[in-house]
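Undergrad: Per this note's numbering, residue 1 is the first one in the sequence shown, and the count goes up by one each step. Built from N, CA and C at the ideal position, the CB exists for glycine as well. These numbers were taken from a predicted model, which means no experiment stands behind them.
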Amino acid sequence: MTITTPTYRVYASGRWMVRELNVTAPTTQSSYGPNLISRWKGRAFQSSPDSSVSVVGFEDEQVNWELNDALLGWKVGPVRAIRETWGADSGTNVTKTEIYYRDAFTYQYHVRVHPIPPDGLYTSWDMRYGYDTKYYNQLNPGGVPIDGTNSHNVGEVDQVPVSGQPAFFNSCDPTFDVCSVIDNPEEVAGPNGAMVFAADILPSHLVSNVPSAVPDPSTLLHPAAVPFYRDDACFDDGTGDAPVPRPQPGETSTDSRVEQGYVNYWSTRGLTTTGNLATDYSHLTCSPPTSSQAHYQEPGFDTYQTMPFQGAIGELGVHYFFTADSDNDFTGIPLDELDAEVWVYPVPLSAPVNLISTTASAPGRNYGLNVQTPLQTIVTPFNAPAGTSVATTVIDDATNAAWSNTEIAGASAHDTASIGGQQTSLPASGTVTYSFFKNGTCSGSATSTQTVTVSSGGSVPNSSSTGALTATGSYAFRAAYSGDSNYGASTSPCEPFSIQPSWKLQSTPNPTGATVNGLYGVACPSTTQCTAVGSYKNSSNVTVTTAQQWNGSSWAIQSTPNPAGALGSALLRVACTSASACTAVGYDNNSANVTVTLAERWNGSSWVVQATPNPAGAKSSVLNGVACTSSTQCTAVGNYVSSAGTTLPLAESWNGSAWSVQSVPVPSGALSGVLSGVACTSTSACTAVGNYASSTGKRNTLAERWNGSAWSVQSTPNPSGAKSSQLVSVACASSTVCTAVGSSVNSAGTTVTLAERWSGNSWSVQSTPNPSGAQSSVLAGVSCSSTTACTGVGSSVNSAGVQVTLAERWNGTSWVVQSTPNPSGAKASALSGVACPAVNLCTAVWYSVNSSNLRVTLAERYS
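1. Leaving aside the five residues before and after G825 along the sequence, list all residues of the same chain whose C-beta is less than 7 Å from its C-beta, in chain order.
2. I'd like to confirm the pairing. Which residues does DSSP put opposite V802 in its beta bridges?
3. With DSSP collapsed to three states, give me the class of Q260.
4. State buried or exposed for N35, treating a residue as buried only when at least 16 other CB atoms are found within 10 Å of its CB.
5. Is S729 buried or exposed, if buried means 16 or more other CB atoms sit within 10 Å of its CB?
6. Could you tell me the distance, in whole angstroms, from the CA atom of S404 to the CA atom of L519?
7. Evaluate L858 with the Cβ neighbour count: other Cβ atoms within 10 Å of its Cβ, from every protein chain shown; 16 or more gives buried, anything less gives exposed.
8. What is the DSSP secondary structure of D397, counted as helix, strand or coil?
9. Just to check my reading of the structure: S829 and V778 have Cβ atoms closer than 8 Å, yes? What is that Cβ distance to the nearest angstrom?
10. Does the stretch 184 to 194 come within contact of the stretch 343 to 352, defined as at least 3 CB pairs closer than 8 Å?
11. Quick check: the Cα distance between E860 and R757, rounded to an integer number of angstroms?
12. With DSSP run on the structure shown, which of helix, strand or coil describes D588?
13. From Q450 to S464, what distance separates their C-alpha atoms?
14. So, helix, strand or coil for S851, using DSSP?
15. For V608, count the other beta carbons within 10 Å of its own beta carbon; 16 or more makes it buried, fewer makes it exposed. Which is it?
16. For L831, which residues of its own chain have a beta-carbon under 8 Å away from its beta-carbon, when the five flanking residues on both sides are left out?
17. So the beta strand (DSSP E) R573 belongs to, where does it begin and stop?
18. What first and last residue would you give for the beta strand (DSSP E) that runs through V666?
19. Count the other C-beta atoms from every protein chain shown that fall within 10 angstroms of the C-beta of L277, then say buried if there are 16 or more, exposed otherwise.
20. Taking the alpha-carbon of S735 as reference, which of S764, P769, C680 has the nearest alpha-carbon?
21. Does the Cβ of T508 have 16 or more other Cβ atoms within 10 Å, making it buried, or fewer, making it exposed?
22. In whole angstroms, what is the alpha-carbon distance linking T687 and G697?
23. For the pair the stretch 455 to 473 and the stretch 426 to 443, tell me if three or more CB-CB distances fall below 8 Å.
24. Short of 6 Å in beta carbon distance, which residues of its chain neighbour W810, apart from the five on each side in sequence? Order them along the chain.
25. Name the DSSP beta bridge partners of S712, please?
26. Going straight from the alpha carbon of S554 to that of Q529, what length do you get?
27. With respect to the beta strand (DSSP E) encompassing G420, which residues constitute its N-terminal and C-terminal limits?
28. Going by DSSP, what residue range makes up the beta strand (DSSP E) through T545?
29. I think A514 touches Y536, with their Cβ atoms under 8 Å apart; what is that distance to the nearest whole Å?
30. Could you compute how far the alpha carbon of I82 sits from the alpha carbon of W343?
31. Just to confirm the assignment, what range does the beta strand (DSSP E) spanning A189 have?
32. Of the choices S848, S31, S682, L671, whose alpha-carbon is the least far from that of V802?
33. Use the C-beta contact count for G565: other C-beta atoms within 10 angstroms, 16 or more gives buried, fewer gives exposed.
34. Can you tell which of N707, T512, G552 has the C-alpha that lies nearest to the C-alpha of Q506?
35. Considering only C-alpha positions, which residue in the set S539, A575, S759, S540 is nearest to A547?
36. Based on the DSSP output, what are the partners of S764 in its beta bridges?
So this is what it looks like as structure tokens:
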């Protein structure tokens, strides 16, 4: 399990084992330094000195001490985490209660023994060389360096202090010697914190949870108990039972048999020996090994740390020295029960400082009083950091609500993050790094990153704003949590969000002094080049042609000619195969005041009037639409009034040199016919749409197909119950997929939008919406960038009776009304022509009537 507080972190495993202890960095809660414990041991009833095998077993690490413990849910005072372990294999009843506070923890040992002659029971830690650099006790207030050399003056006594009797071992070897309670209190300190230790021997009827004064020997059931020990001597190899001979009473740990035993042990593990004990043993220092020295790498835990030959430096532990009916029972009183307690105070330090008292009245007791504040902790299995997850939510800066993916260009966003898996009493710390991507998959390098520090309560500050996102498309945020000593690192899933295209007004010029301005048609051969055509009334009140070009940033008027002697001229539609090849068509009223066809050609530098024929005997002729498949092939459609006064469909073809009239049929029984728009995918595949009047005078939809040699009428449906229907514009994404738009008058007499689709075999009516509350709606132009992306534009009369712009989008499944702006203060606005060079890029044009009742040009861009 792992116990974590703002002051320290302890990882414990098994009955006696503490494998890791980290102290908080100075002034920084929950930011822990390195592990101060290198090894851990537990020993129950060590054998007599002349035995090479312990009674119960020389247990250490994971060997036999991983079981028989439980984290208990009961509470003692302000305690928040308690673990109790029990049992020993020799028949002794032993429990160890661990009580963890915020700034300290304590071990309480409760031992009940029946008469057997063991020499001791203790648990111990082995401090890490280099991380723990100074040892302090009452005998050494100036501190003893932890340097890898046995310092026998540290803690060595020759008698048990409470009884005055001699101790069993004279030398104080941490492997198997028992030292004195006089060493209480003690401190281990280094550049990564300190630990202060204080021990009590307690009477069986009184177990205190707070350090008391120096124990009163008269209250002890048995004085021959030595509860605490600390030295900076080398630990042994820690492989289980003793690998070397043990010293006899009175002998020191530098006995030659011990030294030879260690040399023999390591010679089987790679040590090159010379046969000279002093030379060979000198290689077995407690210092960290050099690259040329054999060393032990501890498996499965802190594997980056190597172990010196004889282990790490130093040891602390609680030791019971008790017997009954044995040579070591100096008082002759059987020991029935013993209680002892050790307090451990982890202290944030950046350099060793003596924290323990030297006053005789209360040796060492000034440190640690009143620090048993309530623990705020999390207990997790073993040493794995708790798992976390990171959740993010992209927020719209304008609304401060979750991003809806309906936002349009110019919107901005920021990201929020939360760390999941936190325990209420232990907030996460560390950092979170936000990564912002200009794609929806978080692929490649992030466009920008920002690292924020997790707040003290475990919440994550928001990211900064992205700023205005002007480009349509997908973006994404991802947040990565660094993890801390309690929680593992984690990364959120990629969270994509998008900027949707939107219609925006463009500034368009109007000729000086012009009135009744309008741009009827537009063509865009690229995403940065568009040409729009139309007409206006000049200062002489004559309607003349006009053209404007979009260069990717602004619209500019182009000079357009008018036929000589014309009383009025207009360009209605335009088609461009490149920025230097455009054809516009319309009409002019000649000097005889007869309406005739008009075509003009843009060569990249100027517009030129082209000669266009008119059907023989026609009283009037007009070209309403044009399509070009190359710079030398165009088809235009319209209508004319025959000599008999009948309005009939008209088609003309441009072969690169001249225009010629094509023969166009009309539906059987038709009284009249008009072609309003045309689309061509090749020189042999054109579709024209319009309307015709049936024999009853009802207006119906009309579509005709050019196969490279002749036009033929196609069967087109009309909405059920419609009083009249017409198609005015058509776009073909392929030779077998065309979309036509227009309007119809329904059975209630309301003009509504109309769209029909050619599947390669037949035409079918598509369901098209109308703006809510609209009194009437029409679609006047359509453009398709693919078979699943078409845009129709037009106008509607809203509930207030105002004509406003209208756009609808086909997504391959259905038509949806798009939001379109209208110029501020406009009394009327309408769109007629549209061109979409890309799926999410369209330009639409026509006119608006400003607050001065002047009709001005209008252009809108969908991006």
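TA: A quick look at the data gives this:
1. N850, S851
2. Answer is none; V802 lacks a bridge partner.
3. helix
4. buried
5. buried
6. 35 Å
7. buried
8. coil
9. Actually they do not touch by this definition, with Cβ atoms about 13 Å apart.
10. yes
11. 25 Å
12. strand
13. 8 Å
14. coil
15. exposed
16. A780, G781, V793, G794, S795, T805, L806, A807, T820, A844, V845, W846, L858, E860
17. 568 to 578
18. Taken as a continuous stretch (DSSP letters only), V666 belongs to no beta strand (DSSP E), as it is neither H nor E.
19. exposed
20. C680
21. buried
22. 24 Å
23. yes
24. C790
25. R705
26. 10 Å
27. 413 to 420
28. 543 to 550
29. 4 Å
30. Because I82 sits at a pLDDT of 38, beneath the cut-off of 50, its placement in the model cannot be relied upon, and the point is left open.
31. 186 to 190
32. S848
33. exposed
34. G552
35. A575
36. R757
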